[in-house]
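S.K.: Right, I'll just put the structure down here and ask away after.
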Amino acid sequence: MPPPPMIPHNRPLVTREDRAAVDAVLASGWIAQGPAVQALETRFVDLQGGGAACALSSGTAALFMALRVLDAAPGESVAVPTYACSALLNAVAMAGARPRVVDVDGGDFCISPSALVRQAPDARLAIAVHAYGAPADVAGLQAQGRRVIEDCCQALGGASAGEALGKQGDCAVFSFYATKIVTGGQGGLLWSRAPALAEAARDYRQFDGRDHYVPRFNFQMTDIQAALVNSQMDRLRAIAERRAAIARRYMAALPAGLGTQAGLLDMGRLAYRFTVLAPDAASRDALWVHLSARGIASIVPVERFELLHRYLALDPEEYPQAERIADTSLSLPLYPALSDAEVDQVCLALEEFRI
Ligand SMILES: *Cc1c(COP(=O)(O)O)cnc(C)c1O
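With my numbering applied, the sequence shown corresponds to residues 1354 to 1708, in that order.
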C-alpha cells in the first residue's frame, strides 16, 4: 500500500459559496476593479470601525503605498524587524527609502522597541509586523515618537485588549495571498483611521483617465479576487475560532521541553501559526524528522538565511533573538481546512515526541 498522503503545512479553504461568488462576478461582465472591490473596502471600514480603505494588488503593494502616503523621503530610514519576510525590504526599496533592520523580542517575535532605540535611532517611520498574529508593541514605538505602519498581513481578525489590530498606527496593511488568513489568490489592502491617507493611496492607484499626469501605478485588485476575499470574510470569525481551537489542542499535546511563541492562546489573538520553540537546533530538526515520519509537514517559517539582516549582510551578533528563533522554531499545520482527524494525528505525533 502506498503511504497515506502527507498533511500539508498549509492549504487554502475554498468553499462552494466562495466559488459561487467568483462565478457571479465572471458572469456579470465586470471582472476588473469594480463593485466587489468597493464592497471589500467598505467591509474593512466596518471591521476597523471607521477610517478609509484602499484595496491593492498585494500586501507588498500596500506596504509600499503606506510608505508613500506617509511621505517616506528618498534615503530616509525606515525601521523594519529582521524576523519578517523580504516583502518589507522590497517595499522600502521601492519607496526609495533605506531599511534599518531591528532585532525582535524573543518571546513574541515582534519588533523590539528597545532594540529600535539602539539600531534605528533616526527612523521616523517603523513597520511593526504582528508576527503570526502576536500584537506588536505599537504604543511602545509611538512613545518614541515614531510613526507606525502596522503590518497585519498575518493578523487579520485578530485583536488585542478587545481592539482589532491595525487601529493604533498611522496605516495598517493586509495581504490576501494564498497562504494568508483570508485569500483572493493575491491581493492586499491599506486601511487608515485618517481617510486622507487612504484617499492618497486610491488616487495613486487610479492611473487611468486623469486630467493631468503625475506618475501613478497599476496596483489594482480585480473584482474576481475581491469576490473570493469577500466571501471568505463572511466566515472570518469562524476562521479565527477554528484556528484558535486547533492551537489549544496542540498546546495541550505539547511535550515537556518544547515551548511556543508567547501569547499564542491569549484572548482575541489570531493564531496564524503554531510555532514550536525547541531548546536547540538539533532537537528542532529531530522534531521535523519525527513529524515527517508520521505524515505531517512542518516548516521552519523563517530560515536563518531569510532574516533581513542576513540578506543585507549585517552582523548576526547584533540580532541574537531573531537568530535564536530562526534556529529553534518549527511551524505546525494550522488552518481551517484541517480535518479533526488530521488535528488528532498531529496531537498524537506531538505527544509521542521525546527530546
Ligand atoms: C505575506 C506578507 C507580506 C506580503 O504580502 P503579499 O501579499 O505576499 O505581497 C508582508 N508582510 C507580512 C508580515 C506577510 O506575512
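By construction, the Cβ of each residue, glycine as well, lies at the ideal position given by its N, Cα and C atoms.
Model, not experiment: these values are computed from the prediction.
Using the beta-carbon count (16 or more within 10 Å), is I1464 buried or exposed?
M.R.: By the 10 Å Cβ count, I1464 comes out buried.
S.K.: DSSP beta-bridge partners for Y1530?
M.R.: Paired residues: G1538.
S.K.: When the Cα atoms are used, what is the spatial distance from A1631 to S1513?
M.R.: C-alpha separation (whole angstroms): 27 Å.
S.K.: Suppose you measure from the CA of A1446 to the CA of L1416; what does that come to, to the nearest Å?
M.R.: Their backbone Cα atoms lie some 11 Å apart in a straight line.
S.K.: Is the distance from the Cβ of V1454 to the Cβ of P1434 below 9 Å?
M.R.: Yes.
S.K.: What is the residue span of the beta strand (DSSP E) that S1430 lies within?
M.R.: From DSSP, the beta strand (DSSP E) with S1430 extends over S1430 to P1434.
S.K.: Suppose you measure from the CA of V1501 to the CA of C1524; what does that come to, to the nearest Å?
M.R.: Computed Cα separation, rounded: 7 Å.
S.K.: Tell whether a beta-carbon distance below 9 Å holds between P1361 and Y1485.
M.R.: Their beta carbons are not under 9 Å apart, which means P1361 does not touch Y1485 by this criterion.
S.K.: Could you say which of L1640, R1596 and Y1530 lies nearest to L1691 if we only look at CA atoms?
M.R.: Out of L1640, R1596 and Y1530, R1596 has the C-alpha closest to the C-alpha of L1691.
S.K.: In three-state terms, what does DSSP make of C1438?
M.R.: Looking at C1438 - three-state DSSP - the assignment turns out to be coil, as it is neither helix nor strand.
S.K.: Where does the unbroken alpha helix (DSSP H) through P1452 begin, and where does it stop?
M.R.: Per DSSP, P1452 belongs to no alpha helix (DSSP H); it is in the beta strand (DSSP E), R1451 to V1455.
S.K.: Please determine whether the Cβ atom of A1437 lies at a distance below 8 Å from any heavy atom of ligand 1.
M.R.: It does: the Cβ of A1437 is within 8 Å (strictly closer) of some heavy atom of ligand 1.
S.K.: For W1641, does the three-state DSSP call read helix, strand or coil?
M.R.: Helix at W1641.
S.K.: Hey, V1582 and L1393 are a contact pair by Cβ (cut 8 Å); roughly how many whole angstroms apart?
M.R.: Between L1393 and V1582 the Cβ distance is about 6 Å, and since that is below 8 Å, they are a contact.
S.K.: When DSSP labels each residue in this structure, what does I1776 get in the three-state scheme?
M.R.: Examination of residue 1776 is not possible in this model, given that the chain is present from 1354 through 1708 alone.
S.K.: Output the distance between the C-alpha atoms of A1375 and R1626, rounded to the nearest integer angstrom.
M.R.: According to the sequence as given, residue 1375 is Val; it is not Ala. Distance between the alpha carbons of V1375 and R1626 is about 28 Å.
S.K.: Exposed or buried, which one is I1592 when buried takes at least 16 other CB atoms within 10 Å?
M.R.: Buried, because 16 or more other Cβ atoms sit within 10 Å of the Cβ of I1592.
S.K.: Mind checking V1482: buried by the 16 CB within 10 Å criterion, or exposed?
M.R.: Buried, since its Cβ has 16 or more Cβ neighbours within 10 Å.
S.K.: CB of L1416 to nearest heavy atom of ligand 1: below 8 Å?
M.R.: For ligand 1, at least one heavy atom lies less than 8 Å from the Cβ of L1416.
S.K.: Taking only heavy atoms of ligand 1 into account, decide whether any of them is closer than 8 Å to the Cβ of V1455.
M.R.: Answer for V1455: no, Cβ out of range of ligand 1.
S.K.: Under 8 Å from any heavy atom of ligand 1, does the C-beta of K1520 make it?
M.R.: It does not: the Cβ of K1520 is nowhere closer than 8 Å to a heavy atom of ligand 1.
S.K.: Going by the C-beta, is L1393 closer than 8 Å to any heavy atom of ligand 1?
M.R.: Result no, Cβ not under 8 Å from ligand 1.
S.K.: Go ahead and label L1413 buried or exposed: buried means 16 or more other beta carbons lie within 10 angstroms of its beta carbon, across all protein chains shown.
M.R.: This sequence places Thr at residue 1413; Leu is not what is there. Buried: at least 16 other Cβ atoms inside 10 Å.
S.K.: Just the C-alpha distance for D1697 and I1599, rounded to the nearest angstrom, thanks.
M.R.: About 10 Å.
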